[in-house]
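Using the working numbering, read the sequence shown as starting at 147 and increasing by one per residue. One structure is given here, and the rest of the page talks about it.
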Amino acid sequence: MDDNTTAQDLKDDFNEHLADYASTFPNNAGAHNLIFRGKDLGSSVTPKQYAEIQAGTFDDMFIGDYWTINDTKYLIAAFDYWYNTGDEALTNHHITLVPETTMYTHEMNDSNTTDGGYLGSKMYDSGLNQARSKIKSDFSGHVVNHRLHLSNAVSDGMVSAGTWVDSEIELMNEVMVYGTKINGQGTPGTTDYNSNMGKTQLPLFRYRPDLIGIRATWWLRDVVSGSLFASVYSHGYARRGSASHVYGVRPAFSIS
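As C-alpha coordinates, then:
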(Lines of atoms letter the chains of each structure in order from A and count residues from 1; the text may use other names and numbers.)
(Lines give C-alpha, C1' and ligand atoms only; values in the text may rest on other atoms or scores of the structure.)
Protein backbone atom coordinates (compact mmCIF):
# COMPACT_ATOMS: atom_id res chain seq x y z
CA MET A 1 0.00 0.00 0.00
CA ASP A 2 1.30 3.48 -0.90
CA ASP A 3 0.06 7.06 -0.87
CA ASN A 4 -1.61 6.58 -4.28
CA THR A 5 -3.75 3.64 -3.14
CA THR A 6 -7.45 4.46 -3.35
CA ALA A 7 -10.42 2.98 -1.54
CA GLN A 8 -11.44 1.33 -4.80
CA ASP A 9 -7.98 -0.24 -5.10
CA LEU A 10 -8.38 -1.75 -1.64
CA LYS A 11 -11.87 -3.00 -2.46
CA ASP A 12 -10.68 -4.57 -5.74
CA ASP A 13 -7.75 -6.22 -3.98
CA PHE A 14 -10.05 -7.59 -1.28
CA ASN A 15 -12.51 -8.98 -3.82
CA GLU A 16 -9.70 -10.58 -5.81
CA HIS A 17 -8.37 -12.39 -2.77
CA LEU A 18 -11.87 -13.28 -1.61
CA ALA A 19 -12.53 -14.94 -4.96
CA ASP A 20 -9.24 -16.84 -4.67
CA TYR A 21 -10.21 -18.02 -1.21
CA ALA A 22 -13.71 -19.02 -2.25
CA SER A 23 -12.37 -21.06 -5.16
CA THR A 24 -10.18 -23.14 -2.85
CA PHE A 25 -12.49 -23.39 0.19
CA PRO A 26 -13.86 -26.94 0.50
CA ASN A 27 -17.62 -27.19 0.16
CA ASN A 28 -18.32 -29.93 2.67
CA ALA A 29 -19.70 -30.32 6.18
CA GLY A 30 -16.30 -30.38 7.88
CA ALA A 31 -15.21 -27.06 6.42
CA HIS A 32 -18.55 -25.31 6.91
CA ASN A 33 -18.73 -26.44 10.55
CA LEU A 34 -15.55 -24.42 11.20
CA ILE A 35 -16.80 -20.93 10.35
CA PHE A 36 -19.29 -18.72 12.17
CA ARG A 37 -20.77 -16.03 9.96
CA GLY A 38 -24.29 -15.03 11.04
CA LYS A 39 -25.64 -13.97 7.64
CA ASP A 40 -29.34 -13.41 6.90
CA LEU A 41 -30.27 -16.07 4.32
CA GLY A 42 -33.78 -14.77 3.71
CA SER A 43 -37.38 -15.54 4.59
CA SER A 44 -37.43 -19.07 3.16
CA VAL A 45 -35.02 -21.78 2.09
CA THR A 46 -34.65 -21.49 -1.68
CA PRO A 47 -34.65 -24.46 -4.08
CA LYS A 48 -30.96 -23.77 -4.75
CA GLN A 49 -30.18 -23.84 -1.02
CA TYR A 50 -32.03 -27.13 -0.59
CA ALA A 51 -30.09 -28.55 -3.54
CA GLU A 52 -26.79 -27.50 -1.94
CA ILE A 53 -27.84 -29.08 1.37
CA GLN A 54 -28.88 -32.34 -0.27
CA ALA A 55 -25.62 -32.49 -2.23
CA GLY A 56 -23.61 -31.94 0.95
CA THR A 57 -21.83 -28.92 -0.53
CA PHE A 58 -23.60 -26.28 1.61
CA ASP A 59 -22.47 -23.46 -0.68
CA ASP A 60 -22.79 -19.98 0.92
CA MET A 61 -24.15 -21.38 4.20
CA PHE A 62 -22.20 -21.26 7.47
CA ILE A 63 -22.72 -21.64 11.21
CA GLY A 64 -24.91 -18.88 12.63
CA ASP A 65 -26.51 -18.02 9.29
CA TYR A 66 -30.26 -17.86 9.60
CA TRP A 67 -33.66 -17.80 7.96
CA THR A 68 -36.50 -15.77 9.49
CA ILE A 69 -39.71 -17.60 8.66
CA ASN A 70 -43.11 -16.55 10.01
CA ASP A 71 -41.50 -14.48 12.79
CA THR A 72 -39.10 -17.22 13.95
CA LYS A 73 -35.36 -16.87 13.39
CA TYR A 74 -33.81 -20.29 12.75
CA LEU A 75 -30.02 -20.46 13.21
CA ILE A 76 -27.75 -22.96 11.49
CA ALA A 77 -26.24 -24.95 14.37
CA ALA A 78 -24.37 -27.72 12.52
CA PHE A 79 -23.81 -29.42 9.19
CA ASP A 80 -24.33 -33.20 8.93
CA TYR A 81 -24.52 -33.52 12.73
CA TRP A 82 -26.44 -36.82 12.58
CA TYR A 83 -24.85 -38.16 9.40
CA ASN A 84 -24.26 -41.95 9.41
CA THR A 85 -25.79 -42.38 12.89
CA GLY A 86 -28.70 -44.50 14.08
CA ASP A 87 -29.60 -48.18 14.09
CA GLU A 88 -30.66 -47.36 10.53
CA ALA A 89 -27.93 -45.04 9.21
CA LEU A 90 -28.92 -41.52 8.20
CA THR A 91 -27.23 -40.96 4.83
CA ASN A 92 -28.99 -37.73 3.84
CA HIS A 93 -26.85 -34.61 4.04
CA HIS A 94 -28.55 -32.08 6.28
CA ILE A 95 -28.37 -28.88 8.30
CA THR A 96 -29.34 -28.82 11.98
CA LEU A 97 -31.24 -25.72 13.09
CA VAL A 98 -32.29 -24.23 16.41
CA PRO A 99 -34.58 -21.22 16.99
CA GLU A 100 -32.78 -18.12 18.22
CA THR A 101 -34.94 -18.05 21.34
CA THR A 102 -37.70 -20.11 22.92
CA MET A 103 -40.81 -20.73 20.83
CA TYR A 104 -43.24 -20.90 23.80
CA THR A 105 -43.34 -22.34 27.33
CA HIS A 106 -44.47 -25.72 28.63
CA GLU A 107 -43.97 -28.14 31.53
CA MET A 108 -42.11 -31.44 31.20
CA ASN A 109 -44.81 -33.26 33.20
CA ASP A 110 -47.94 -32.33 35.14
CA SER A 111 -46.29 -33.48 38.39
CA ASN A 112 -42.71 -33.50 39.62
CA THR A 113 -41.68 -36.86 38.23
CA THR A 114 -39.25 -38.06 35.59
CA ASP A 115 -40.71 -41.58 35.43
CA GLY A 116 -40.47 -42.90 31.89
CA GLY A 117 -37.56 -40.59 31.07
CA TYR A 118 -37.80 -38.15 28.19
CA LEU A 119 -39.93 -40.49 26.05
CA GLY A 120 -42.41 -40.89 28.90
CA SER A 121 -42.78 -37.16 29.48
CA LYS A 122 -45.75 -34.98 28.68
CA MET A 123 -43.32 -32.75 26.80
CA TYR A 124 -42.45 -35.53 24.35
CA ASP A 125 -46.03 -36.76 24.09
CA SER A 126 -47.77 -33.46 23.44
CA GLY A 127 -45.71 -30.51 24.67
CA LEU A 128 -43.67 -30.38 21.46
CA ASN A 129 -46.73 -30.46 19.22
CA GLN A 130 -46.84 -26.69 18.75
CA ALA A 131 -43.19 -26.65 17.69
CA ARG A 132 -43.66 -29.70 15.48
CA SER A 133 -46.57 -28.06 13.69
CA LYS A 134 -44.84 -24.74 13.09
CA ILE A 135 -41.49 -26.18 12.03
CA LYS A 136 -43.08 -28.65 9.63
CA SER A 137 -45.07 -25.79 8.13
CA ASP A 138 -42.04 -23.48 7.87
CA PHE A 139 -39.91 -26.21 6.23
CA SER A 140 -42.66 -28.21 4.56
CA GLY A 141 -41.48 -31.57 3.23
CA HIS A 142 -37.87 -31.02 4.27
CA VAL A 143 -37.69 -31.86 8.00
CA VAL A 144 -35.39 -34.87 8.41
CA ASN A 145 -36.72 -38.02 10.05
CA HIS A 146 -33.89 -40.03 11.58
CA ARG A 147 -33.31 -42.55 14.33
CA LEU A 148 -32.47 -41.50 17.89
CA HIS A 149 -31.94 -43.53 21.04
CA LEU A 150 -33.82 -41.75 23.83
CA SER A 151 -34.44 -42.44 27.52
CA ASN A 152 -37.58 -44.32 28.56
CA ALA A 153 -36.92 -45.48 32.13
CA VAL A 154 -35.63 -44.02 35.41
CA SER A 155 -34.44 -45.96 38.45
CA ASP A 156 -33.35 -44.41 41.75
CA GLY A 157 -33.44 -40.97 40.15
CA MET A 158 -31.16 -41.95 37.26
CA VAL A 159 -31.85 -42.84 33.63
CA SER A 160 -31.68 -46.62 33.35
CA ALA A 161 -32.89 -47.50 29.85
CA GLY A 162 -33.67 -46.17 26.39
CA THR A 163 -34.98 -47.25 23.02
CA TRP A 164 -34.71 -46.39 19.34
CA VAL A 165 -37.39 -44.09 17.92
CA ASP A 166 -38.06 -42.13 14.74
CA SER A 167 -37.18 -38.51 15.48
CA GLU A 168 -37.76 -35.19 13.78
CA ILE A 169 -37.96 -32.41 16.39
CA GLU A 170 -36.59 -32.83 19.92
CA LEU A 171 -35.36 -30.95 22.94
CA MET A 172 -31.56 -30.78 23.02
CA ASN A 173 -29.43 -32.46 25.67
CA GLU A 174 -26.66 -30.97 27.82
CA VAL A 175 -23.80 -32.20 25.63
CA MET A 176 -25.29 -30.65 22.49
CA VAL A 177 -25.48 -27.30 24.28
CA TYR A 178 -22.54 -27.21 26.74
CA GLY A 179 -20.23 -29.82 25.25
CA THR A 180 -20.31 -31.89 28.45
CA LYS A 181 -22.67 -33.42 30.98
CA ILE A 182 -23.34 -31.21 34.01
CA ASN A 183 -26.54 -32.17 35.82
CA GLY A 184 -27.83 -35.21 33.93
CA GLN A 185 -27.63 -38.52 35.78
CA GLY A 186 -27.34 -42.03 34.39
CA THR A 187 -26.98 -45.40 36.08
CA PRO A 188 -23.23 -46.09 36.54
CA GLY A 189 -21.84 -48.77 34.27
CA THR A 190 -24.63 -48.49 31.69
CA THR A 191 -25.10 -46.65 28.41
CA ASP A 192 -25.54 -42.90 28.82
CA TYR A 193 -29.18 -42.64 27.80
CA ASN A 194 -29.23 -38.87 28.40
CA SER A 195 -26.52 -37.92 25.89
CA ASN A 196 -26.19 -41.03 23.76
CA MET A 197 -26.53 -39.94 20.11
CA GLY A 198 -26.22 -36.20 20.81
CA LYS A 199 -22.65 -36.73 21.94
CA THR A 200 -20.86 -33.60 20.71
CA GLN A 201 -21.46 -29.88 21.13
CA LEU A 202 -23.24 -28.09 18.32
CA PRO A 203 -20.75 -25.74 16.59
CA LEU A 204 -23.18 -22.83 17.03
CA PHE A 205 -22.78 -22.97 20.80
CA ARG A 206 -19.05 -23.66 20.63
CA TYR A 207 -18.41 -20.42 18.74
CA ARG A 208 -21.19 -18.34 20.32
CA PRO A 209 -21.81 -19.44 23.92
CA ASP A 210 -23.77 -16.22 24.38
CA LEU A 211 -26.49 -17.85 22.29
CA ILE A 212 -26.99 -20.41 25.08
CA GLY A 213 -27.96 -17.82 27.68
CA ILE A 214 -30.88 -16.00 26.07
CA ARG A 215 -32.41 -14.37 29.19
CA ALA A 216 -35.07 -17.08 29.31
CA THR A 217 -35.03 -20.46 31.05
CA TRP A 218 -35.44 -23.38 28.66
CA TRP A 219 -35.69 -27.15 28.97
CA LEU A 220 -33.17 -29.81 28.04
CA ARG A 221 -34.12 -33.48 27.85
CA ASP A 222 -31.62 -34.91 30.39
CA VAL A 223 -33.02 -36.60 33.50
CA VAL A 224 -31.33 -35.20 36.63
CA SER A 225 -33.24 -37.00 39.40
CA GLY A 226 -36.61 -38.57 40.15
CA SER A 227 -38.23 -35.13 39.92
CA LEU A 228 -35.85 -32.91 37.93
CA PHE A 229 -34.93 -32.40 34.28
CA ALA A 230 -31.96 -30.34 33.06
CA SER A 231 -32.44 -26.77 31.87
CA VAL A 232 -30.60 -23.63 30.84
CA TYR A 233 -31.35 -20.87 33.32
CA SER A 234 -32.26 -17.36 32.25
CA HIS A 235 -29.09 -16.01 33.88
CA GLY A 236 -27.03 -18.21 31.56
CA TYR A 237 -25.91 -21.07 33.79
CA ALA A 238 -26.59 -24.80 33.66
CA ARG A 239 -29.50 -25.66 35.91
CA ARG A 240 -32.22 -28.20 36.55
CA GLY A 241 -35.90 -27.69 37.20
CA SER A 242 -38.82 -29.54 38.74
CA ALA A 243 -40.67 -31.39 36.01
CA SER A 244 -43.91 -29.46 36.57
CA HIS A 245 -42.27 -26.06 36.11
CA VAL A 246 -43.12 -24.12 32.97
CA TYR A 247 -39.96 -23.27 31.02
CA GLY A 248 -39.15 -22.39 27.43
CA VAL A 249 -39.27 -24.84 24.53
CA ARG A 250 -36.28 -24.51 22.19
CA PRO A 251 -35.96 -27.67 20.10
CA ALA A 252 -33.41 -28.74 17.50
CA PHE A 253 -34.23 -30.30 14.14
CA SER A 254 -32.64 -30.88 10.76
CA ILE A 255 -33.60 -30.10 7.17
CA SER A 256 -32.56 -31.60 3.85
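Ideal Cβ placement from N, Cα and C applies to all residues, glycine included. In this text the structure is predicted, and so the values were computed from the model without any measurement.
**Item:** DSSP bridge partner residues for Thr309 (one or two, in chain order)
**Value:** Leu296
**Asked** With a Cβ-Cβ cutoff of 7 Å, do Val462 and Ala398 count as a contact?
**Response** Because the chain spans 147 through 402 in this model, residue 462 falls outside it and cannot be assessed.
**Message:** According to DSSP, simplified to helix, strand and coil, what is Asp368?
**Reply:** strand
**Message:** Once the 5 residues before and after Asp368 are set aside, which same chain residues still bring their CB inside 7 Å of it?
**Reply:** Asn319, Glu320, Asn329, Gly330, Asn340, Phe375, Ala376
**Asked** Out of curiosity, what's the CA-to-CA distance linking Ser301 and Thr260?
**Response** 10 Å
**Asked** In its own chain, which residues sit with a C-beta less than 8 Å from the C-beta of Thr242, not counting the 5 before and 5 after it?
**Response** Ile222, Ala223, Ala224, Phe225, Tyr227, Trp228, Leu348, Ala398, Phe399, Ser400
**Asked** Residues in its own chain within less than 6 Å of Lys185 by CB, not counting five upstream and five downstream?
**Response** Asp211
**Prompt:** Hey, would you say Ser380 sits closer than 7 Å to Arg361, going by beta carbons?
**Reply:** yes
**Request:** Go ahead and label Asp256 buried or exposed: buried means 16 or more other beta carbons lie within 10 angstroms of its beta carbon, across all protein chains shown.
**Result:** exposed
**Prompt:** When the Cα atoms are used, what is the spatial distance from Asp206 to Gly325?
**Reply:** 26 Å
**Request:** Quick one: grab the DSSP three-state call for Met147.
**Result:** Any reading at Met147 must be qualified, since the residue scores a pLDDT of 49, below 50, and its modelled position is unreliable; no value is offered.
**Item:** Beta-carbon separation (whole angstroms), Leu366 vs Leu317, contact threshold 8 Å
**Value:** 6 Å
**Residues near Gly303 in its chain [Cβ-Cβ closer than 7 Å; skip 5 each side]** = Gln331, Ser371, Gly372
**Asked** What first and last residue would you give for the beta strand (DSSP E) that runs through Gly387?
**Response** 384–388
**Message:** Which residue wins for smallest C-alpha separation from Thr248, given the options Ala307, His239, Ile358, Ala389?
**Reply:** Ile358
**Asked** Alpha carbon to alpha carbon, what distance is there between Asp233 and Asn173?
**Response** 28 Å
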